[in-house]
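Asks: Have a look at the structure that comes next, please.
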Amino acid sequence: SYLRRITYRYHYRARKSGKLGSSMKCDLNWAFEGNTFSFSSDVPRKQFSVEMTSSWNYPRTGDITVVLDRIKQRLEVHKLISSKRYSNDSKKAIGIDKGIATLLSCSSGNEYGENFSKIANAIVDKYGKRNANRQPYMSLRWQLNQQLEQLEKADKPLSKTASKKKIKLLGKLKNLEQNNIGRKSYDKSYRSAHETVRSFINCAINRMIEKEHPAVIAKEDLTFVKEKGVKSDNSRFARKMRKRLNSWTKGQLDERIEYLSSKNSIETHDVNPAYTSQYCPICGQHFEERYGSHHELTKCKKCGEMNANIAAAKNILSRLTDEEITLYTPYKRVKEILVSRIKEA
């Protein structure tokens, strides 16, 4: 609001310092009796006792964190507790294929998180260009640091000329840090981009769970393959950024699937991912070709055109009960099994 903006300069803002707040972890040497909290000290056979504002209503298991907040002048006790789990009376099992163009493709034929690659590519293009613009300043900083090291390596005391040169180099480095290669604004913007991706992932998974209502989810334990869609920027900075974002997205997607499935009482099982997107789930034939803007379409000799991601999800679901192809079956052995099944059919 307007009032907040004009009074902002008069608000007290605590200086960032490690002295304003400190914390310690307590494992077994702590106890609650009513509202009294006791925990170990650095003195042998002596404990601190503090009166808390409320009683302890949780099981005495696991570690706790004791935080001393010097600004608010209070002691906080932090405890990690399990989140609420919802009951699930479904008996449905589904397989999911993870991707970048479309986050989740289900064996039921539905897809969730479409056009995710547009968000990812926008972030890659933005930070690829930003990193490219920062690179000359990073190179200049490296050169200045090299010159400083050469000056400091000299055994003799610095001459008057060398001292002036050192002061000048330090001034240039300070200006670079303040005006060109500072990370405060960069990190804030980058965290915001990550929050956008995280929100999109959570929304896609929640929509899938709500619509599919499964009891079991079979998923592949797969590192993402490089996206083959059209890229507006393919510089080395963009490639590096894309690799970093895809790797982070893969880990975030897998972690949120595990968490939200556990919260909704859904079992998750990893299956062998080898060749799931290369063979037809109906007849077992090898796909002839892949095409489409993101290689999402494929063609089978017998069954015709189909969505490759949904076909992969169906193969993943069938791997859940496949006795020959287990999670740790080598990929070469998996191919031998699939080829032998085609010959037997």
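In this text, residue positions in the sequence shown follow the numbering used here: the first is 326, and each later residue adds one. Here a beta-carbon is modelled for each residue, glycine too, at the ideal position from N, C-alpha and C.
Counting along the chain, where does the beta strand (DSSP E) carrying Ile492 start and finish?
Replies: Note, Ile492: premise wrong, no beta strand (DSSP E); alpha helix (DSSP H) at Lys485 to Asn504.
Asks: If we ignore side chains and look at the alpha-carbon of each, how far apart do Lys416 and Phe362 end up?
Replies: A direct Cα-Cα distance of roughly 46 Å separates Lys416 from Phe362.
Asks: Whether or not the segment 635-645 and the segment 427-435 are in contact is what I'm after, with contact meaning three or more pairs of Cβ atoms, one per stretch, closer than 8 Å; do they touch?
Replies: yes
Asks: Can you tell me whether Leu645 is helix, strand or coil according to DSSP?
Replies: Coil at Leu645, not helix or strand.
Asks: Please state whether DSSP places Val550 in a helix, a strand or coil.
Replies: Any reading at Val550 must be qualified, since the residue scores a pLDDT of 41, below 50, and its modelled position is unreliable; the value itself is stated next. Three-state result, Val550: coil.
Asks: Could you check whether Pro539 and Ile419 sit closer than 7 Å to each other, using their CB atoms as the reference points?
Replies: yes
Asks: Rounded to whole angstroms, what's the CA-CA distance from Arg644 to Asp394? Just pull it up for me.
Replies: 52 Å
Asks: Considering only the beta carbon of each residue, do Val664 and Tyr600 sit closer than 7 Å?
Replies: no
Asks: Starting from the N-terminal side, write out each stretch of the beta strand (DSSP E) that is 3 residues or longer and does not extend beyond the segment 415-467.
Replies: 418-423 and 429-431
Asks: Quick check: the Cα distance between Glu358 and Tyr383, rounded to an integer number of angstroms?
Replies: 13 Å
Asks: Between the segment 439-455 and the segment 521-531, can you find at least three pairs of beta-carbon atoms closer than 8 Å?
Replies: yes
Asks: Would you check if the distance between the CB atom of Asn354 and the CB atom of Ser366 is smaller than 7 Å?
Replies: no
Asks: Hey, quick one: how far does the alpha helix (DSSP H) through Asn531 stretch, first residue to last?
Replies: Counting along the chain, Asn531 sits inside the alpha helix (DSSP H) bounded by residues Lys509 to Glu537.
Asks: Just how far apart, CA to CA, sit Ala375 and Thr651?
Replies: What sits at residue 375 in the sequence shown is Val, not Ala. C-alpha separation (whole angstroms): 55 Å.
Asks: What residue range is occupied by the uninterrupted beta strand (DSSP E) comprising Ile542?
Replies: Taken as a continuous stretch (DSSP letters only), the beta strand (DSSP E) holding Ile542 covers Val541 to Glu545.
Asks: Assuming Leu498 and Arg466 form a contact by the criterion Cβ under 8 Å, report the distance between their Cβ atoms to the nearest whole angstrom.
Replies: 7 Å between Cβ atoms; contact.
Asks: Where Gly496 and Thr486 are concerned, what is the direct C-alpha to C-alpha distance, given to the nearest angstrom?
Replies: 15 Å
Asks: So who's on the other strand from Ser412, going by DSSP bridges?
Replies: According to DSSP, Ser412 bridges with nothing at all.
Asks: Provide the residue span of the beta strand (DSSP E) that contains Val375, from first to last.
Replies: The continuous beta strand (DSSP E) containing Val375 extends over residues Gln372 to Glu376.
Asks: Throw me the rounded Cβ distance for the Ile506 and Met463 pair, which I believe falls under 8 Å.
Replies: 6 Å
Asks: I need the DSSP call for Ala356, collapsed to helix, strand or coil.
Replies: It is a strand residue.
Asks: Among the candidates Ser488, His611, Leu483 and His403, whose CA atom is the shortest distance from the CA of Ile667?
Replies: The residue with the shortest Cα to Cα distance from Ile667 is His611.
Asks: Within a Cβ cutoff of 8 Å, which residues of the same chain sit near Leu501, ignoring the five residues on either side of it in sequence?
Replies: Tyr462, Leu465, Arg466 and Leu469
Asks: Pro598: buried (16+ other C-beta within 10 angstroms of its C-beta) or exposed?
Replies: In this structure Pro598 is buried. Its beta-carbon is surrounded by 16 or more other beta-carbon atoms within 10 angstroms.
Asks: Among Thr574, Gly453 and Lys350, which residue has its Cα nearest to the Cα of Ala426?
Replies: Nearest C-alpha to Ala426: Thr574.
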